[in-house]
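> Structure below; questions to follow.
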Amino acid sequence: MIIPHLDRDLRPSFKQRFAAKDITDLAHYQELTEFLFHMDRAQVLAKDARGDFRLLGVYGSFPSDLDTDLKTFGRSLGKFRKLDSATYEREREFVYQFLMELYGLPIAAERRTSAALFARRLSRLKEQYLVKVLGQSDRTITSLSGFDQKKYPLVEKIALISLPPALAESLPHLRDQGFYVDRRRRVVILKVTYQQHKYSRFNVLEDRALAVVKQEIIHPRHGGRDTSLNILKDTKRFLKELQDIVRGEHSGTISYRRSELLTSTKTHEERLKFLRSWASGTGRPSAPPGAWKKPWPSWKPKRTNCLISIPTSLISASNCGSRFWLTLISGRWSPGRSRPPPPSGGGSGKCSPGARG
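Numbering (the numbering used here), first residue to last: -19 to 337.
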């Protein structure tokens, strides 16, 4: 499973250290990472027949049938028709790009494609899973989690970014409160959460599959979050918000004539009220923008059999029901604590990434 894919100079050492050990046992996982991270391959942790997590596979990519998935998805969008090769050739790139963007990944390496399609398959099977993919060039970590068993996974990204000097000067609290990983280069840890959108050819932005829901700067030491900043400035944000309100996909609250609090845009009446308050600027948010939150000191996992949490955000695991799947492509392992429950005062207890990549 591992030896054929190791460099030749590492094979003797691997055989000497693990010849008499069960390498699927996670008790040996930390020692095993010295060799695993010399392999550009995905690792799968899953429950065995007894319900215990084990290392059950190291793969170059996951099984996927791209053409079949593209044809099925393209027909659901109304882009493809049966026995129409010309339309397929003309629209294939658009359908492919839209499908990949739903999972937060670009059209790039085959391994990213297989990770997205693997997550798609697990969602269809109503499995609970976590897939993490490390970008080859930008080193952004994309996290796809299916804990809620919805049609599409929760897409989150995390990356190290350098703030522009002007923006850093306008935000002195980041320096004063220790949010910088590298103060000289103004580097921070940015996490972004996305939301998928249904396709419609009547959308103002037809090719938009994802929208930014939340941006967080994470403190490198205690994990506190600053959610009040807009790092990913989007010139099309006005159009996107307008489109979301009209189509009933806008999430948030607003006051209508200071007498009614609207929390959704599901009905036509709610959309019209929301649109009127939003366009006139008379609406007020139900709560002030969230300032950064200190870490919750009493974090305790609800379940005792949570498996692994990696501070470098490369891998995490928890008791997720009948089975658990995880993908890891490259990185460094270090021990961490179990996944915490969501705090009562806001924020999210989910382990996952931010930043576009």
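Just so it is clear, CB atoms sit at the ideal spot from N, CA and C, and this is done for glycine as well.
1. Need the endpoints of the alpha helix (DSSP H) that T93 sits in, please.
2. May I have a chain-ordered list of the beta strand (DSSP E) segments no shorter than 3 residues that lie completely inside the region 18 to 92?
3. Answer yes if the region 129 to 138 comes into contact with the region 166 to 184, meaning at least three C-beta pairs across the two stretches below 8 Å, and no otherwise.
4. With DSSP as the reference, identify every bridge partner of Y179, one or two as the case may be.
5. Grouping DSSP H, G and I as helix and E and B as strand, with all else coil, what is S278?
6. State yes or no: is the C-beta of I211 within less than 9 Å of the C-beta of L140?
7. Confirm, please, whether the CB-CB distance from L57 to F78 is below 9 Å.
8. Is the beta carbon of Y83 sitting closer than 9 Å to the one on A96?
9. Going by DSSP, which residues form a beta bridge with V168?
10. Just to confirm the assignment, what range does the alpha helix (DSSP H) spanning K(-5) have?
11. Is the distance from the Cβ of I(-18) to the Cβ of V24 below 9 Å?
12. Check whether the Cβ atoms of R61 and R55 lie closer than 9 Å to each other.
13. My assumption, with CB atoms under 8 Å, is that S41 sits in contact with R91. Please give the rounded CB distance.
14. CA-CA distance, D206 and R256?
15. Whose C-beta lies closer than 8 Å to the C-beta of R72 among residues of the same chain, with five residues either side of it excluded?
16. Look at the alpha carbon of H(-15) and the alpha carbon of M19, and state the distance between them as a whole number of angstroms.
17. Can you list, in chain order, the residues of its chain with a C-beta nearer than 6 Å to that of K194? Leave out the 5 residues immediately preceding and following it.
18. Comparing C-alpha positions only, which one of Q116, K112, S117, F254 sits nearest to G126?
19. For H199 and F159, I'd like the C-alpha separation in whole angstroms.
With the given structure in hand:
1. Residue numbering aside, residue 93 sits at position 113 when the sequence shown is read from its first letter. Element bounds for T93: 90 to 104.
2. Correct list: 22 to 27, 33 to 39.
3. Taking 8 Å as the limit for Cβ pairs, the verdict is that the region 129 to 138 does touch the region 166 to 184.
4. Indexing the sequence shown from 1 puts residue 179 at position 199. Answer is none; Y179 lacks a bridge partner.
5. Here the question's residue 278 lines up with position 298 in the sequence shown. Only weak support exists for where S278 lies, its pLDDT of 37 falling under 50; the value from the coordinates is given anyway. Three-state result, S278: coil.
6. As a working mapping, residue 211 is identified with position 231 in the sequence shown. As a working mapping, residue 140 is identified with position 160 in the sequence shown. In this structure, L140 does not lie closer than 9 Å to I211 by Cβ.
7. For this step, residue 78 is matched to residue 98 along the sequence shown. For this step, residue 57 is matched to residue 77 along the sequence shown. Going by beta carbons, F78 and L57 fall inside the 9 Å limit.
8. Locating residue 83 in the sequence shown gives position 103, counting from the first residue. Locating residue 96 in the sequence shown gives position 116, counting from the first residue. Against a cut-off of 9 Å, the Cβ pair of A96 and Y83 comes out as a contact.
9. Against the sequence shown, residue 168 aligns to sequence position 188. Within the DSSP bridge table, the entry for V168 names I141 as partners.
10. One-based indexing of the sequence shown puts residue -5 at position 15. Counted as a single uninterrupted DSSP element, the alpha helix (DSSP H) harbouring K(-5) occupies residues -9 to -2.
11. Here residue -18 refers to the residue found at position 2 of the sequence shown. Here residue 24 refers to the residue found at position 44 of the sequence shown. Between I(-18) and V24, the C-beta spacing is not below 9 Å.
12. Residue 61 sits at position 81 when you count from the first residue of the sequence shown. Residue 55 sits at position 75 when you count from the first residue of the sequence shown. Using a Cβ distance threshold of 9 Å, R61 and R55 count as a contacting pair.
13. Here residue 41 refers to the residue found at position 61 when the sequence shown is read from its first residue. Here residue 91 refers to the residue found at position 111 when the sequence shown is read from its first residue. With a contact defined as Cβ atoms closer than 8 Å, S41 and R91 qualify at about 5 Å.
14. Sequence index remark: in the sequence shown, residue 206 carries index 226 (1-based). Sequence index remark: in the sequence shown, residue 256 carries index 276 (1-based). Linking D206 to R256 through their CA atoms gives a straight-line distance of about 30 Å.
15. The residue you call residue 72 lines up with position 92 of the sequence shown. Take R72, set aside five residues on each side of it, and the residues of its chain with a beta-carbon closer than 8 Å to its own are L50, G54, in chain order.
16. Start at 1 with the first residue of the sequence shown, and residue -15 comes out as number 5. Start at 1 with the first residue of the sequence shown, and residue 19 comes out as number 39. Cα to Cα, H(-15) sits roughly 7 Å from M19.
17. Counted from its first residue, the sequence shown places residue 194 at position 214. The beta carbon of K194 is closer than 6 Å to those of T173 in its chain, skipping five residues each way along the sequence.
18. In the sequence shown, residue 126 corresponds to position 146, counting from 1. Selection Q116, K112, S117, F254 evaluated against G126 yields K112 as nearest (Cα-Cα).
19. Translated into the one-based positions of the sequence shown, residue 199 becomes position 219. Translated into the one-based positions of the sequence shown, residue 159 becomes position 179. C-alpha separation (whole angstroms): 5 Å.
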